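Asker: All residue numbers for the sequence shown refer to our numbering, where the first residue is 80 and numbers rise by one.
Note that the Cβ used here is the ideal one computed from N, Cα and C, for glycine as well.
Remember, it's a predicted structure, so these values are computed and weren't measured experimentally.
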Amino acid sequence: MEQYAQDVFDRVAEIDNSFKNIDITIEYLSKKTYTDSEYNFSEHHTFHIENFLLRLTSVVDRSYLLAGSTMLMENSKIEQLGGNRKVHKELSAFSPRSLDILKSMERAIEHLRAPRNKVAHQAGFFSKNLCVLQTIENSRSEAISTKKITDIMSYDEIKDLVIADSLEQFKSIPLILDGLVTELINSLSFVYSGLLKGEQ
């Protein structure tokens, strides 16, 4: 019983850690400058977007692991490739409500799967406005192409647009996932309370 409680606690702690990393990433995506860095704003911003996309799926994957550990599934089965499918199969009979919540998590991040997979397979994150910033940052300050761009919109205005776009696209998703994780834990609480009663 003690080991089981520790395993479940560890799974919840892993999810919390993912959220902490996502929150830090969102904080960095809000930054306008990165002082004392040899890298350009666009390089920093791209790095943090890619980090966000990779971390986001870890919340869902770790939620599957929590459900698997709650059902006493072996770590070797749920932590390997295809582990989520195994949890999915077991959970359909064990707690359909919990399975519905995990499906809601999947749907919440579905629109970010394609860019996330590109990042995971070394293609990198792409956005037109970030590319414009990179062009300005990497060109000679008096280059004709750069001047044409900055005559229409200043570097700082483009930077503000990039930040606003990122926050609009990403900021609400951790809040949605956080609510769903709480729902998941509540939906599995019958197992934990049942074990506690059995101990008394």
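Can you tell me whether DSSP reads His190 as helix, strand or coil?
Answerer: One-based indexing of the sequence shown puts residue 190 at position 111. Three-state result, His190: helix.
Asker: Let's see if you can read the secondary structure: which residues bound the alpha helix (DSSP H) around Ala348?
Answerer: No information on residue 348 is available, as it lies outside the stretch 80 to 279 that the chain covers here.
Asker: Roughly how many angstroms separate the alpha carbons of Ala146 and Asn119, rounded to a whole number?
Answerer: Within the sequence shown, residue 146 is the residue found at index 67, counting from 1. Within the sequence shown, residue 119 is the residue found at index 40, counting from 1. Roughly 42 Å separates the two Cα atoms.
Asker: Can you tell which of Gln85, Glu81 and Val91 has the C-alpha that lies nearest to the C-alpha of Thr261?
Answerer: Numbered from its first residue, the sequence shown carries residue 261 at position 182. When each option's Cα is compared against that of Thr261, the closest is Val91.
Asker: Taking Arg58 and Leu135 to be in contact with their CB atoms under 8 Å, please state how far apart those CB atoms are, rounded to whole angstroms.
Answerer: Any question about residue 58 goes unanswered here, given that the chain covers just 80 to 279.
Asker: Along the chain, where does the alpha helix (DSSP H) that runs through Ala92 open and close?
Answerer: Numbered from its first residue, the sequence shown carries residue 92 at position 13. Note, Ala92: alpha helix (DSSP H), Glu81 to Leu108.
Asker: Can you list, in chain order, the residues of its chain with a C-beta nearer than 7 Å to that of Tyr107? Leave out the 5 residues immediately preceding and following it.
Answerer: Numbered from 1 along the sequence shown, position 28 holds the residue referred to as residue 107. Only His127 meet the Cβ criterion.
Asker: To the nearest angstrom, how far is the alpha carbon of Met184 from that of Arg164?
Answerer: As a first step, residue 184 must be located in the sequence shown, where it is residue number 105. As a first step, residue 164 must be located in the sequence shown, where it is residue number 85. Between Met184 and Arg164, the C-alpha separation is close to 15 Å.
Asker: Could you give the distance in angstroms between the alpha-carbon of Ser218 and the alpha-carbon of Leu267?
Answerer: To locate residue 218, count along the sequence shown from 1; it is residue 139. To locate residue 267, count along the sequence shown from 1; it is residue 188. Going by the C-alpha atoms only, they are around 56 Å apart.
Asker: Roughly how many angstroms lie between the CA atoms of His95 and Ser137, to the nearest whole one?
Answerer: Mapped onto the sequence shown, residue 95 falls at position 16. Mapped onto the sequence shown, residue 137 falls at position 58. The displayed chain sequence assigns Asp, not His, to residue 95. The alpha-carbon atoms of Asp95 and Ser137 are separated by roughly 11 Å.
Asker: Gly162 lies in the alpha helix (DSSP H); which residues open and close that run?
Answerer: Sequence index remark: in the sequence shown, residue 162 carries index 83 (1-based). First-last of the alpha helix (DSSP H) with Gly162: Gly162 to Phe173.
Asker: Have a look at Phe131 and Tyr143 and give me their C-alpha separation to the nearest angstrom.
Answerer: For the purposes of this step, residue 131 is taken as the residue at position 52 of the sequence shown. For the purposes of this step, residue 143 is taken as the residue at position 64 of the sequence shown. Taking the straight line from one Cα to the other gives about 19 Å.
Asker: Given a threshold of 16 other Cβ atoms within 10 Å of its Cβ, counted over all protein chains shown, does Ala187 qualify as buried or as exposed?
Answerer: Residue numbering aside, residue 187 sits at position 108 when the sequence shown is read from its first letter. Its Cβ being crowded by 16 or more others within 10 Å, Ala187 is buried.
Asker: If I measure Cβ to Cβ from Ser109 and keep anything under 8 Å in the same chain, skipping five residues before and after, which residues do I get?
Answerer: Translated into positions along the sequence shown, residue 109 becomes position 30. Hits under 8 Å: Ile242 and Leu246.
Asker: Taking all protein chains shown into account, decide if Phe249 is buried (16 or more other Cβ within 10 angstroms of its Cβ) or exposed.
Answerer: By 1-based counting over the sequence shown, the position of residue 249 is 170. The residue is buried, with at least 16 neighbouring Cβ atoms inside 10 Å.
Asker: Do you know offhand how far Thr104's Cα is from Ala172's?
Answerer: Indexing the sequence shown from 1 puts residue 104 at position 25. Indexing the sequence shown from 1 puts residue 172 at position 93. So the two alpha carbons sit approximately 37 Å from each other.
Asker: Please identify the residue among Gln201, His200, Lys226 and Arg176 whose C-alpha is closest to the C-alpha of Val211.
Answerer: Position 132 of the sequence shown holds residue 211. Closest by alpha carbon: Lys226.
Asker: Between Lys197 and Leu191, what straight-line distance do the alpha-carbon atoms span, to the nearest angstrom?
Answerer: Residue mapping note: residue 197 aligns to position 118 of the sequence shown, counting from 1. Residue mapping note: residue 191 aligns to position 112 of the sequence shown, counting from 1. Each residue's alpha carbon lies about 10 Å from the other.
Asker: Tell me which residue opens and which closes the alpha helix (DSSP H) that Thr214 is part of.
Answerer: The residue given as residue 214 occupies position 135 in the sequence shown. Its alpha helix (DSSP H) spans residues Lys207 to Asn217.
Asker: Determine the DSSP secondary structure at Glu158, reduced to helix, strand or coil.
Answerer: Within the sequence shown, residue 158 is the residue found at index 79, counting from 1. Residue state, collapsed to three classes: coil.
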